[in-house]
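What follows is a single structure, written as structure tokens, with notes after it.
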Amino acid sequence: MKAAAFDSLAAEYDSSFTRTRLGRQLREIVWEQFNGKILSGKYVLELNCGTGEDAIWLAKQRCKVVATDISSSMIDIASSKVEASGLGGMVDFHFLDLAKPSLELNNEKFDYVLSNFGGLNCVQDLNPISSYLADHVKSSGQIVLVLMGKWCLWEIIWHGLHGDGEIAFRRLRKTGATAKIGSNDLHVWYPAVRDVKCQFERFFKIKKITGLGVFLPPTYLEKFIEKHPSLWSLLTWLEHKFANLFPFKYFADHLIFEFERL
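Structure (structure tokens):
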């Protein structure tokens with residue numbers, strides 16, 4: 017992973033994604049995956065924590081959080097936000113490269129792991145992180161991984177109609193695609209569902225797969241649906257009603273994988 021790409025994005029990440037209406041809406045759907053789970057007092061590892069929005073939410077649920085990222089700029093912003101929220105005692109920040117995870121903390125293992133909004137798509141081989149998590153997650157501990165899916169119906173239709181087949185079908189390439197992050201190029205991979213399951217099933221069993229952004233569009237299309245409030249309301253209703261169902265969930269912008277440690 018290239019830290020420079022995310023360093024260049026850090027300053028504008030909250031304004032361009034976190035605080036947007038669509039960004040908040042999608043993040044709240046991820047948080048819903050923890051509904052019914054006992055979080056108070058639990059030990060949580062967050063991968064690719066970005067500017068700390070999920071870490072703050074977890075800390076407010078009374079979790080003890082270890083938040084990690086490859087970008088020092090992201091961590092600096094996240095740390096400042098956590099302190100401003102009065103939650104500094106609940107969150108520790110550490111540098112972690114998902115491609116070569118090596119962070120050692122103590123002998124205590126994690127109850128939960130969260131990786132949100134495609135951080136793991138920046139890693140071609142998920143086996144190292146799978147093995148790392150197996151060593152650091154308790155038996156029956158749960159991990160929630162949010163990855164960009166291979167078949168994003170919105171992306172295919174939108175860019176197909178605009179005559180940009182290169183972007184419309186970029187996720188289908190086995191070699192991945194190059195994304196522009198700030199002024200930097202970053203290679204991104206879009207693993208098939210079976211490949212994600214295969215790389216984790218040695219140590220974890222799959223509990224659930226949920227679609228995220230089946231009917232709601234990718235955040236770069238927010239300005240389009242902002243012009244159509246009734247359409248936004250309809251898409252929100254459809255998302256909550258059908259995004260968890262087969263076959264709709266497999267055409268989402270992101271897929272939420274929930275695994276349990278064997």
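For the sequence shown, the working numbering assigns the number 17 to the initial residue and increments by one for each residue that follows.
Where a beta carbon is used, it is the ideal one built from N, C-alpha and C, also for glycine.
Start-to-end residues for the alpha helix (DSSP H) that takes in residue i
i, result
"Ala-100", "88-100"
"Ala-193", "Not the alpha helix (DSSP H): Ala-193 falls in the beta strand (DSSP E), residues 193-197."
"Lys-223", "Where Lys-223 is concerned, there is no enclosing alpha helix (DSSP H), although the beta strand (DSSP E) it sits in stretches over 220-228."
"Pro-234", "Element bounds for Pro-234: n/a, residue is neither H nor E."
"Leu-250", "245-258"
"Leu-25", "19-29"
"Trp-174", "169-177"
"Leu-38", "37-47"
"Val-212", "209-216"
"Ile-54", "Here Ile-54 belongs to no alpha helix (DSSP H), and DSSP marks it neither H nor E."
"Gly-181", "181-184"
Residue(s) in a DSSP beta bridge with residue i
i, result
"Asp-85", "Phe-111"
"Met-164", "His-270"
"Asn-200", "Ile-197"
"Leu-63", "Ser-131"
"Phe-275", "Ile-159, Ile-222"
"Cys-80", "At residue 80 the sequence reads Lys, which differs from the Cys that was named. For Lys-80, which the question treats as bridged, DSSP gives the partners Tyr-59."
"Val-153", "Phe-126"
Residue i burial status per 10 Å Cβ neighbour count (16 or more: buried)
i, result
"Asn-122", "exposed"
"Pro-263", "exposed"
"Phe-133", "buried"
"Trp-248", "buried"
"Gly-102", "exposed"
"Lys-223", "exposed"
"Asn-64", "buried"
"Ala-100", "exposed"
"Ser-156", "exposed"
"Gly-179", "exposed"
"Phe-240", "exposed"
"His-244", "exposed"
"Ile-145", "buried"
"Gly-39", "buried"
"Arg-187", "buried"
"Arg-37", "exposed"
"Gly-68", "buried"
"Arg-218", "exposed"
"His-270", "buried"
"Leu-61", "buried"
"Trp-253", "exposed"
Short Cβ contact (8 Å threshold) for residue i with residue j
i, j, result
"Val-212", "Tyr-266", "no"
"Gln-77", "Thr-226", "no"
"Ala-9", "Phe-111", "Residue 9 lies beyond the stretch modelled for the chain, which goes from 17 to 278, so this question has no answer here."
"Phe-185", "Glu-276", "no"
"Ala-71", "Val-46", "no"
"Val-129", "Ile-159", "yes"
"Ser-131", "Ala-19", "no"
"Ile-272", "Val-162", "yes"
"Ala-268", "Gly-165", "yes"
"Ala-259", "Leu-228", "yes"
"Lys-58", "Asp-127", "yes"
"Leu-251", "Phe-231", "yes"
"Ala-75", "Val-81", "yes"
"Gln-41", "Asn-143", "no"
First and last residue of the uninterrupted beta strand (DSSP E) at residue i
i, result
"Tyr-128", "126-131"
Handout entry: Any 3 or more C-beta pairs closer than 8 Å across the stretch 136-145 and the stretch 187-207
Key = yes
Problem - Meets three-Cβ-pair contact criterion under 8 Å: the stretch 141-154 and the stretch 113-121 - result: yes
Handout entry: Segment contact, 8 Å Cβ cut-off, at least three pairs: the stretch 83-97 with the stretch 26-38
Key = yes
Handout entry: Segment contact flag, the stretch 226-237 with the stretch 185-201, C-beta cutoff 8 Å, min 3 pairs
Key = no
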